[in-house]
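Letter by letter, the sequence shown follows residues 188 to 662 of the working numbering.
Glycine is no exception: its CB is placed at the ideal position from the N, C-alpha and C atoms.
Here's the structure, in structure tokens; my notes come after.
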Amino acid sequence: MSRQQFLGLLGAGAGALTLGDYGLVEAATRLSDPASGGLFHLNPAPATIDLGGVKAKTIAYNGMLPGPELRYKQGDPLHVKVTNHLQDTTSVHWHGIPVPNRMDGVPGLTQKPIAPGSTFDYHYTVPVSGTYWYHSHSAAQNDRGLYGPLILEPQQEPLSYDREYTLVLDDWRDGVGRFRINNDAHLYECDIQTAAESQAPARASEGAVAVPTSYPYYLINGRVPASPQQLTVKRGEVIRLRIINAAALTHFRVALAGHKMRVTHADGQPVAPVDVDALTIGMAERYDVLIHADNPGVWQFAAKSLALGGMARAILRYQGSHGAPPPASFTPAEMKGRHLSYQMLHAANDVSLPEGKPDITIPMNMESRFGGFFISVDGRFVNASDGYIHLRRNQHVRFVMSNGGTVLPHPMHLHGHFFHVRTGARRGPLKDTALLFPGQTITVDWVANNPGLWMFHCHNLYHMLNGMMQTFKVT
Ligand code: C2O
Ligand code: CU
């Protein structure tokens, strides 16, 4: 059976599968075959998903939540054929991957929205390795079920470990009880198209999208805490966890009871290994960590919502350990231990980071007004007559991002490029998303070496929908 048939079968039955001891993620992990051109069929469609005793009427890729784990090798072709079975238009964005602009999946900006019933082919050569994810960039679809992990393997894996698990965190409210997410795809596409003509603050007051004030569930790999995925390990093994925050509105604090985590990658890119007890992960960020399985038992892997309270979890279970899992709300003591900060992260690669003085420095402030959220640049909301901020190809750009005007954290994401977070003395991490807390300023440097139209926005989906974005035009 080919990988595709295999995944197709999984997809068809996913709603009814019981994950048991071996998670769907592990089962779905198959490397794509370059001989097939890396072809994979992704089918966004209405679906009823079993979150572990809770049924959600939502939309999903191939009937699965998260969407199927796509795995490719760096340098191989990726070809994902997206056929839209929804009633609304859709799109797929390959978060963090420096793809050619027309493959970036931003409707109204880099492509026409994928109309109901039609197909769009995303194809590119996989340019990087690491832990990424894909998600719809249309309306609020990624707060519904339209997201999945995308694992890009290096040609030669430099890390050694015995097994790995992908852990996709999410906040969930779609299609359970009284909760519904409005899927007005039209709204967002219009926003993009009219960015040039209208001033941002005016836009939000017209069509503000309500920001959710509660999420009934927090999920890891599509499972509610009452029915968590079990991650089976053997004593003595080294386990790689790929942690992806796919939530729309929730940043999490993550810890594994009884174990330290050795952080090896941030946003897919290698860092000098650093041992921590806990880490905070903003929306769209990823961390890869290694765990030394040297403490047999049944342990809580917990992700605590720092926005609205509540917790997601998975269970690390050693073979031969038969105890009952801790209560769903159990908070590992490690949560209060040594905590990761960007200052502790140093890019491990010989990445081509810009040296010396930037060609252009762009001061930005995060602001909240008229019920919307905005990024002002040099005190203004729109910066040129066409609405884009213009950059010359290969310019060394510096963003000085301040969160001076809001009381909320903002995970700021740049499309099509990595940036280098300036943390002080030593070389900071290479990232595509930086979590900016209230009152904080983060400076990042990047080289505008990927021509096209690129969004820069807050990855709080509701902040983005309410205006928290700018667009860069690299020519
Ligand atoms: Cu995760 Cu505009 O992207
Ligand atoms: Cu925000």
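Out of the options, point me to the one whose CA is closest to residue i's CA.
{"i": "Ile562", "options": "Thr593, Asn230, Phe605 and Phe606", "result": "Thr593"}
{"i": "Phe366", "options": "Glu340, Ser401 and Leu356", "result": "Ser401"}
{"i": "His272", "options": "Phe307, Ile284, Pro231 and Ala247", "result": "Pro231"}
{"i": "Thr467", "options": "Thr277, Arg449, Ala501 and Met522", "result": "Met522"}
{"i": "Arg440", "options": "Tyr352, Leu493 and Thr297", "result": "Leu493"}
{"i": "His604", "options": "Thr548, Gln456, Arg613 and Asp565", "result": "Gln456"}
{"i": "Lys260", "options": "Gly240, Ala234, Ile338 and Phe307", "result": "Ile338"}
{"i": "Leu617", "options": "Pro341, Met531, Arg525 and His446", "result": "Met531"}
{"i": "Leu623", "options": "Ser589, Gly615, His479 and Tyr248", "result": "Ser589"}
{"i": "Pro415", "options": "Trp641, Val396, Ala397 and Leu356", "result": "Leu356"}
{"i": "Asp349", "options": "Val425, Ser316, Gly295 and His280", "result": "Val425"}
{"i": "Tyr321", "options": "Gln342, Leu652, Trp359 and Thr277", "result": "Thr277"}
{"i": "Val293", "options": "Asn653, Trp641 and Leu652", "result": "Trp641"}
{"i": "Arg585", "options": "Arg614, Ala511, Arg567 and Met551", "result": "Met551"}
{"i": "Met651", "options": "Glu256, Glu542, Gln328 and Pro303", "result": "Gln328"}
{"i": "Phe659", "options": "Val569, Glu351 and Ile502", "result": "Val569"}
{"i": "Ile301", "options": "Leu229, Gly611 and Gly225", "result": "Leu229"}
{"i": "Gly254", "options": "Ile284, Gly335, Arg289 and Gly225", "result": "Gly335"}
Output needed for residue i: all residues of its chain with C-beta closer than 8 Å, excluding positions within five of it in sequence on either side, in chain order.
{"i": "Met655", "result": "Met553, Gly559, Phe560, Phe561, Ile562, His597, His644, Cys645 and Asn647"}
{"i": "Leu346", "result": "Arg427, Thr451 and Leu477"}
{"i": "Gly626", "result": "Asn590 and Gly591"}
Report all residues from its chain with a CB closer than 7 Å to the CB of residue i; omit the five preceding and five following residues, and keep chain order.
{"i": "Arg580", "result": "Ala635, Asn636, Pro638, Val661 and Thr662"}
{"i": "Ala471", "result": "His282, Asn432, Pro598, His600, Thr620 and His646"}
{"i": "Leu252", "result": "Ile236, Gly332 and Gly409"}
{"i": "Gly362", "result": "Ala243, Lys244 and Thr245"}
{"i": "Gln657", "result": "Ile562, Val564, Ile576 and Phe643"}
Once you ignore the five residues that flank residue i on each side, which residues in its own chain have a CB closer than 6 Å to its CB?
{"i": "Gly496", "result": "none"}
{"i": "Pro513", "result": "Gln487"}
{"i": "Asp330", "result": "Ile368, Ala435 and Leu648"}
{"i": "Asp208", "result": "Because Asp208 carries a pLDDT of 33, less than 50, the predicted location of this residue cannot be relied on, and no value is offered for it."}
{"i": "Met448", "result": "Val463 and Val476"}
{"i": "Val286", "result": "Tyr311"}
{"i": "Leu406", "result": "Asp357, Trp359 and Ala499"}
{"i": "Ile379", "result": "With a pLDDT of 42 at Ile379, under the threshold of 50, the predicted position of this residue should be treated as unreliable, and no value is reported."}
Say the cut is 7 Å; is the CB of residue i nearer than that to a heavy atom of ligand 2?
{"i": "Phe560", "result": "yes"}
{"i": "Gln655", "result": "The question names Gln, yet the displayed sequence has Met at residue 655. Met655 Cβ: within cutoff of ligand 2."}
{"i": "His650", "result": "yes"}
{"i": "His597", "result": "yes"}
Legend entry - Closer than 6 Å: residues whose CB approaches a heavy atom of ligand 1: His280, His282, His322, His324, Ala471, His600, His602, Met642, His644 and His646
Legend entry - Inter-stretch contact at 8 Å, needing at least 3 Cβ pairs: the segment 215-234 / the segment 264-278: yes
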